[in-house]
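Residue numbering for the sequence shown is 260 to 595, as defined by my numbering.
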Amino acid sequence: MANQDFFKDKAILVTGGTGSFGRKFIATLLKEHQPRRVVVFSRDELKQFEMQQELNAPQMRYFLGDVRDADRIRQAMRGIDYVVHAAALKQVPAAEYNPTECIRTNVGGAENVINAAIECGVEKVIALSTDKASSPINLYGATKLLSDKLFVAANNIAGGHKTRFSVVRYGNVVGSRGSVLPFFRKLIAEGADSLPITDARMTRFWITLNDGVAFVLNNFQRMQGGEIFVPKIPSARITDMASAIAPSLPHRIVGIRPGEKLHEMMISRDDAQHTFEFADHYVIAPAINFIVQSNYQTNALGAQGQRVAEGFEYVSDSNPHYLTIEELAALDKATP
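Listed below in structure tokens is the structure:
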């Protein structure tokens with residue numbers, strides 16, 4: 260649980276703040292942490308208008324802009340203490356067919372956020388990543404790997420500036436826009452006589468929105484700069500997800516979409532040599548040397564981790580924690 264005083268009287272900016280994560284993260288900040296100012300930075304005026312109807316506290320500021328626009332993100336970041344970088348183009352097939360657009364937002368946008376944070380004297384930045392950034396096979400994953408590398412290396416680029424950068428990497432968020440849960444619900448509401456399954460063997464990591472938000476909040480206190488935080492979360496079979504939502508509907512195999520994997524990975528064997536295990540998460544330490552070295556086996560709160568075994572990897576199909584159909588059904592009922 261994040262220390263409530265840690266964010267008290269602080270100014271926090273969230274890029275892509277009108278998305279599923281941003282809305283929940285900001286609602287939690289306002290409810291539990293007494294920030295001085297919260298800035299939503301995003302490019303969709305309608306989503307901002309809709310969000311204002313729900314979240315319009317005196318501390319709130321809504322800033323229209325695109326992370327591709329370096330000047331605009333610099334303007335928005337003035338006087339900011341902490342940044343969560345959640346803005347990204349995230350749809351795997353769309354990225355395969357529109358690679359340049361994905362690169363401009365996910366890589367160019369990351370560089371703009373880094374430069375603005377350093378210039379504006381931001382204290383801490385956490386960039387949200389994805390399991391698809393580990394050993395990527397699709398363009399979206401490749402751009403997020405590049406983004407991760409940029410944010411890790413930014414701790415050297417910052418030089419004598421105080422800004423520190425870290426990354427949070429996790430899997431599919433239950434119920435988020437574009438995820439399989441609302442997609443299945445939509446099909447069921449439309450009277451579908453079957454649910455489409457890409458491949459019966461497919462598995463994915465799953466995290467709830469609440470857990471994702473709590474993990475990011477906690478890591479602002481744990482971070483030293485340069486590490487990638489990976490939560491310990493359960494896996495689920497896509498067939499079990501479909502059975503949990505609609506037990507009576509048959510499954511229809513439609514084939515893997517462009518750029519999809521059968522199973523997702525969050526920590527590769529190559530990353531294992533730099534990885535430490537903590538009680539509820541892993542930390543991938545940077546492979547490069549920094550001007551000021553940190554001991555990533557001990558986090559900023561003093562918690563101690565243990566180096567993982569040689570050959571360790573964290574993959575959705577070999578994950579020891581699988582959600583049962585009953586657990587998935589309960590998760591579905593609890594997700595708006």
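C-beta: ideal position from N, C-alpha, C; glycine also.
Using DSSP with H/G/I as helix, E/B as strand and the rest coil, what is Gln311? Counting from one through the sequence shown, the residue named residue 311 turns up at place 52. Of the three classes helix, strand and coil, the one that applies to Gln311 here is helix, per DSSP.
Report buried or exposed for Asn431, applying the criterion of at least 16 other Cβ atoms within 10 angstroms of its Cβ. Your numbering for residue 431 matches position 172 in the sequence shown. That one is buried.
Candidates Asp591, Ser575, Asp530: closest to Glu569 by CA position: Within the sequence shown, the letter at position 310 stands for residue 569. The shortest C-alpha separation from Glu569 is found at Asp530.
Excluding the 5 residues flanking Ala417 on each side, which residues of the same chain have their C-beta closer than 8 Å to its C-beta? Taking the sequence shown and counting its residues from 1, the one referred to as residue 417 is at position 158. A distance below 8 Å between beta-carbons, with the five flanking residues on each side excluded, links Ala417 to the following residues of its chain, in chain order: Ile377, Arg423, Phe424.
Any idea if Phe442 is buried or exposed, counting beta-carbon neighbours within 10 angstroms, 16 or more meaning buried? Counting from one through the sequence shown, the residue named residue 442 turns up at place 183. Exposed, by the Cβ-count rule.
Specify the secondary structure class of Lys383 as computed by DSSP and reduced to three states. Locating residue 383 in the sequence shown gives position 124, counting from the first residue. In the structure shown, Lys383 adopts extended strand secondary structure according to DSSP, grouped into three states.
With distance defined between alpha-carbon atoms, name the residue in Arg331, Asp340, Phe322 nearest to Phe266. The count along the sequence shown starts at 1 and reaches residue 266 at position 7. The closest CA to that of Phe266, considering only Arg331, Asp340, Phe322, is found on Asp340.
Give the DSSP-derived three-state secondary structure of Met500 in the structure shown. Within the sequence shown, the letter at position 241 stands for residue 500. Of the three classes helix, strand and coil, the one that applies to Met500 here is helix, per DSSP.
Reduced DSSP category for Tyr321 - H, G, I as helix; E, B as strand; rest coil: As a working mapping, residue 321 is identified with position 62 in the sequence shown. The answer is strand: DSSP assigns Tyr321 an E or B state.
Return helix, strand or coil for Leu272, following the three-state DSSP convention. Against the sequence shown, residue 272 aligns to sequence position 13. DSSP places Leu272 in strand when its eight states are reduced to three.
Look at the alpha carbon of Val351 and the alpha carbon of Val372, and state the distance between them as a whole number of angstroms. Within the sequence shown, residue 351 is the residue found at index 92, counting from 1. Within the sequence shown, residue 372 is the residue found at index 113, counting from 1. Roughly 23 Å separates the two Cα atoms.
Which listed residue (Ser553, Ile584, Phe537) has its alpha carbon closest to that of Ala562: The residue you call residue 562 lines up with position 303 of the sequence shown. Of the listed residues, the one whose Cα sits closest to Ala562 is Phe537.
Same chain only: Cβ atoms within 8 Å of Gln532, ignoring 5 sequence neighbours per side: Start at 1 with the first residue of the sequence shown, and residue 532 comes out as number 273. Cβ neighbours of Gln532 beyond the five flanking positions: Glu569.
Please report the residue range of the beta strand (DSSP E) in which Ile526 lies. Here residue 526 is taken as the residue at index 267 of the sequence shown, counted from 1. Per DSSP, the unbroken beta strand (DSSP E) holding Ile526 starts and ends at 524 to 526.
Nearest-angstrom beta carbon gap, Trp465 and Val489 [assumed within contact, 8 Å]: As a first step, residue 489 must be located in the sequence shown, where it is residue number 230. As a first step, residue 465 must be located in the sequence shown, where it is residue number 206. Between the beta-carbon of Val489 and that of Trp465 there is about 14 Å, and that puts the pair past the 8 Å contact cut.
Supposed close pair Thr274, Phe300 - CB separation, criterion 8 Å: Numbered from its first residue, the sequence shown carries residue 274 at position 15. Numbered from its first residue, the sequence shown carries residue 300 at position 41. About 5 Å separates the Cβ atoms of Thr274 and Phe300, confirming a contact at the 8 Å cut-off.
Using 7 Å as the threshold, is the C-beta distance between Thr462 and Ser575 below it? On the sequence shown, position 203 is the one that residue 462 refers to. On the sequence shown, position 316 is the one that residue 575 refers to. Here Thr462 is near Ser575, since their CB atoms are less than 7 Å apart.
Give a yes or no on whether the C-beta atoms belonging to Val411 and Ile385 are separated by under 7 Å. Along the sequence shown, read from residue 1 onward, the residue named residue 411 stands at position 152. Along the sequence shown, read from residue 1 onward, the residue named residue 385 stands at position 126. No, these two residues do not count as a Cβ contact at 7 Å.
For Thr389, is the classification buried or exposed, using 16 other Cβ atoms within 10 angstroms of its Cβ as the cut-off for buried? Residue 389 sits at position 130 when you count from the first residue of the sequence shown. Per the 10 Å Cβ criterion, buried.
Mind the definition here: the stretch 480 to 487 touches the stretch 547 to 564 only if three or more C-beta pairs lie below 8 Å; say whether that holds. As far as the Cβ criterion goes, the stretch 480 to 487 touches the stretch 547 to 564, which means the pair count is three or higher.
What residue from Lys306, Thr277, Pro317, Leu305 has the CA that sits closest to Lys290's CA? Mapped onto the sequence shown, residue 290 falls at position 31. It is Pro317.
Which one or two residues does DSSP pair with Ile487 in a beta bridge? Position 228 of the sequence shown holds residue 487. Note: Ile487 sits in a beta bridge opposite Val426, Ile543.
Quick one: what's Thr462 bridged to in DSSP? Within the sequence shown, residue 462 is the residue found at index 203, counting from 1. Paired residue(s): Arg496.
Would you mind reading off the limits of the beta strand (DSSP E) that contains Glu536? For the purposes of this step, residue 536 is identified with residue 277 of the sequence shown, where counting begins at 1. That run of the beta strand (DSSP E) goes 534 to 536.
Exposed or buried, Ala354, counting other C-beta atoms within 10 Å across all chains shown (16 or more means buried)? Here residue 354 refers to the residue found at position 95 of the sequence shown. Sixteen is the threshold: when 16 or more other Cβ atoms of the shown chains lie within 10 Å of the Cβ of Ala354, as they do, the residue is buried.
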